[in-house]
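Here's the structure, in structure tokens; my notes come after.
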Amino acid sequence: MTARHPDGIDAIVLAAGLSRRTAPRHKLLARDTDGIPMIATTVRRIQAGRVGRVVVVLGHRADEIRHAIRSHALSGRPAPSFVIAPDHERGLSATLRAGIMAAQADGATGALICLGDMPLIPTALLDRMIAAHQAHHPPAVVVTHGGRRGNPVLWDRRMFPSLLGLTGDEGARGLLRQHERDLLRLPAGEEIHLDFDTPDRLEQFSRLSLPS
1 MTARHPDGID AIVLAAGLSR RTAPRHKLLA RDTDGIPMIA TTVRRIQAGR
51 VGRVVVVLGH RADEIRHAIR SHALSGRPAP SFVIAPDHER GLSATLRAGI
101 MAAQADGATG ALICLGDMPL IPTALLDRMI AAHQAHHPPA VVVTHGGRRG
151 NPVLWDRRMF PSLLGLTGDE GARGLLRQHE RDLLRLPAGE EIHLDFDTPD
201 RLEQFSRLSL PS
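UniProt numbering numbers the first residue of the sequence shown as 1 and each following residue consecutively.
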């Protein structure tokens, strides 16, 4: 087992999807102006923070995504772990379940759910979420901008059983609504709403330089 940070939070990176909206290109393998794949930047920014372990959930084109991450992983930081979601074609919840199962087996105190196609999320925001969880232990820490929730979301371990019971392609939105009153909300920038999942957005990504 990987030595973990005392906070005990696992970051779960969801990277198993079929990338249908950008086919035949895979959005997570798209490169910025420096030639860095999107998924690699997302993972590097998570690695740079205070998470205990980074777990990347793979499915579609798993070998290519694993290689992209390993080729650009931060040196001097624990290497990311990988798990396969064998039923990833059934929707987002299948990928999420695979990640939560890994965090539960690892004894994590919480799971920071990150989307592979959101490389603009800063390390400092992730660290703020972890600090907020450690201070207050809500069922979930969420980030907001302009009155709307965004990603990532940090779930406390007591919510793992509910997360493992999810089905379909909506992810955990229903669970967030169910616990609306008890969520801990942190203000954040517009990056929590910015993903790259269309051909036009990939073209924009190709013109970015994203230091991690």
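C-beta: ideal position from N, C-alpha, C; glycine also.
Is the CB-CB distance between Gly189 and Leu154 below 7 Å? no
Going by beta carbon distance, what residues of the same chain come within less than 8 Å of Ile9, once the five residues before and after it are set aside? Arg50, Val51, Gly52, Ala108, Thr109, Gly110, Ala111, Leu112, Ile130, His133, Leu154
May I ask which residues mark the beginning and end of the alpha helix (DSSP H) holding Leu202? 199-205
Please confirm whether His72 and Ala40 have their CB atoms less than 7 Å apart. yes
Alpha carbon of Val141 to alpha carbon of Leu175, nearest angstrom: 13 Å
Tell me the DSSP secondary structure of Arg4 in three-state form. Bear in mind that the predicted position of Arg4 carries a pLDDT of just 49, short of 50, making it unreliable; the figure below should be weighed with that in mind. Coil.
Go through the segment 134-203 residue by residue and report every complete run of the alpha helix (DSSP H) that reaches 4 residues or more, in order. 160-164, 173-178
Taking the runs of the beta strand (DSSP E) that are 3 residues or longer, which of them lie wholly in the segment 57-109? 81-84
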